[in-house]
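Beneath this line is the structure, given in structure tokens, with notes to follow.
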Amino acid sequence: MSHPFQLIAGNALLRTREDPVNPVWDHDLNVVLPTQDMQHAAIAMHHWPEYRPTPLYSLPAMASTLQLGQLWVKDESQRFGRGGVKALGAPYGLLTLLGEALLLPPELIADGQAHDRCTAYTAIAATDGNHGLALAWAAKQFGCAAHIVLGQGVDEGRIQRIRDCGAVVEVIPGTYDDAVLLAEQRAREDHHTLLITDTDYHGGLPVTRAIMAGYSVLAQEMAESLHLTPPTHVFLHCGVGGLAAAVAAGLWHVLEHAPNVITVEPTRAACLFASLAHGQMMQVPGDLSTRMIGLSCGLPSQPAWQILRRCASGAVTVSDELSLQVQHTLARGIGSDPQILSGDTGIAGLTGLWLAAQSPLLRQAFELNENSRVLVISSEGPQPGQVI
1 MSHPFQLIAG
11 NALLRTREDP
21 VNPVWDHDLN
31 VVLPTQDMQH
41 AAIAMHHWPE
51 YRPTPLYSLP
61 AMASTLQLGQ
71 LWVKDESQRF
81 GRGGVKALGA
91 PYGLLTLLGE
101 ALLLPPELIA
111 DGQAHDRCTA
121 YTAIAATDGN
131 HGLALAWAAK
141 QFGCAAHIVL
151 GQGVDEGRIQ
161 RIRDCGAVVE
171 VIPGTYDDAV
181 LLAEQRARED
191 HHTLLITDTD
201 YHGGLPVTRA
211 IMAGYSVLAQ
221 EMAESLHLTP
231 PTHVFLHCGV
241 GGLAAAVAAG
251 LWHVLEHAPN
261 VITVEPTRAA
271 CLFASLAHGQ
281 MMQVPGDLST
291 RMIGLSCGLP
301 SQPAWQILRR
311 CASGAVTVSD
321 ELSLQVQHTL
331 ARGIGSDPQI
341 LSGDTGIAGL
351 TGLWLAAQSP
361 LLRQAFELNE
371 NSRVLVISSE
381 GPQPGQVI
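With the UniProt record's numbering, you'll find the sequence shown wraps up at 388, consecutive numbering, no jumps.
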């Protein structure tokens, strides 16, 4: 059986010419992530008192080093003061479910007017760190409790930040994927426990769709910042793929053509890469150990898979060693470029670009050249006390 992607190196896939990306928005994907949902999320967030677009930096010196035309980095380190892009998704997902449970307009909940009624509910989710932190913060803002389930390997600093937001933290033996299943079970056992998950293994969870709609606001911000200069390439890092798929779908919508997406994953946790290579969702074995801890996932989320398999033009995997090198380079800055502090997970997209831009094989395959305009997302800042 033929697949849309072919292996061109041990760590790279390229979409075949026989199955090109359709530049026009595929309306079948409206079932997965409706454009109306993305529009509603953008309108809702613009009314939140804490909402501010995050900066999009131009890095001309790094672009020159990588022999590219332009390079932009979207810096999510200050998003809602939570230090990561996940603060777009979990709060919007929780707000949506609380609104449905209480039969109230979400804006009343966001304004704190339903705080007392929200205390009857507990928000639960599995996390590698950032999604759980964003959910714990949102639950505290809206007035409900939070229960966060983690697998092994998440550092104590990330766990403590979640606890500091008032959440109950449960660390289990096993991986992130095991934590997802346990959180689902706990939510089924109590109708006052709301599952706020950005991971949907089977498809059809409205809350995952809402969270992805929240992430898509990032695409609107980037498109507005770039005005009439759209990127030729977008390197998007993936765990289960929800953020990458939402940004890809959002750009597809606002730019009115499919973005040229290259997905990036850690070598030891490359579930989307394996899925693209086999033409179907695949679970990768092992402990999924990587310093890019937020991407330590063994199975893609189904709605993310449905979007990325249709719009990704390539995929790469990157090593922990290279991600550390690129993280330090970005923090030091090249020439007069701004110095950007990116977290261990947040640096993955730029690491994928760094790998591809310095490989003659991948430059040719991905059509990277001196005229390329490349967009990446630094999805988180460093952890408190982390020195880069």
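For every residue, glycine included, the Cβ atom is placed at its ideal position computed from N, Cα and C.
These numbers were taken from a predicted model, which means no experiment stands behind them.
Tell me, please, whether the stretch 95–104 touches the stretch 372–387 by the rule of three or more beta-carbon pairs shorter than 8 Å.
no
Contact between the stretch 45–57 and the stretch 215–231 is defined here as three or more beta-carbon pairs at a separation below 8 Å; is this criterion met?
yes
What does the alpha-carbon distance come out to for the pair residue 220 and residue 339?
24 Å
Tell me, please, which residues DSSP counts as bridged to residue 141.
Answer by DSSP bridge pairing: none, since residue 141 is not bridged.
Over what stretch of residues does the alpha helix (DSSP H) that includes residue 72 continue unbroken?
Per DSSP, residue 72 belongs to no alpha helix (DSSP H); it is in the beta strand (DSSP E), 70–75.
Cα-Cα separation, residue 269 to residue 275:
12 Å
Residue environment, residue 198, which counts as buried when at least 16 other CB atoms sit within 10 Å:
buried
Pick from 63, 235 and 299 that is closest to residue 271, judged by C-alpha positions:
299
Identity of the residues DSSP links to residue 264 by a beta bridge
237 and 316
Under the three-state DSSP convention, the category residue 307 falls into:
helix
Who are the Cβ neighbours of residue 98 in its own chain at under 8 Å, not counting the five residues just before and after it?
104, 106, 109, 114, 118, 121, 142, 144 and 194
How should residue 36 be labelled, buried or exposed, when 16 other C-beta atoms within 10 angstroms of its C-beta is the threshold for buried?
exposed
Just the C-alpha distance for residue 62 and residue 297, rounded to the nearest angstrom, thanks.
30 Å
Could you compute how far the alpha carbon of residue 178 sits from the alpha carbon of residue 11?
26 Å
Within the chosen definition, does the stretch 283–296 reach the stretch 226–245 through at least 3 CB pairs nearer than 8 Å?
yes
Considering only the alpha carbon of each residue, which of 169, 251, 359 and 66 lies closest to residue 24?
251
Can you say whether residue 131 is buried or exposed, counting buried as having 16 or more other CB atoms within 10 angstroms of its CB?
buried
Does DSSP put residue 291 in a helix, in a strand, or in coil?
coil
Which one of 353, 324 and 249 has the shortest CA to CA distance from residue 26?
249
Tell me which residue opens and which closes the alpha helix (DSSP H) that residue 207 is part of.
206–226
Let me know the secondary structure DSSP gives residue 127 once reduced to three states.
strand
Going straight from the alpha carbon of residue 138 to that of residue 266, what length do you get?
29 Å
Pair within 7 Å by beta-carbon distance, residue 136 and residue 183:
no
Return the Cβ separation of residue 337 and residue 290 in integer angstroms, given the expectation that the two are a contact with Cβ distance under 8 Å.
Contact flag wrong, Cβ pair sits at about 27 Å.
Rounded to whole angstroms, how far is the Cβ of residue 89 from the Cβ of residue 214, which I believe are closer than 8 Å?
4 Å
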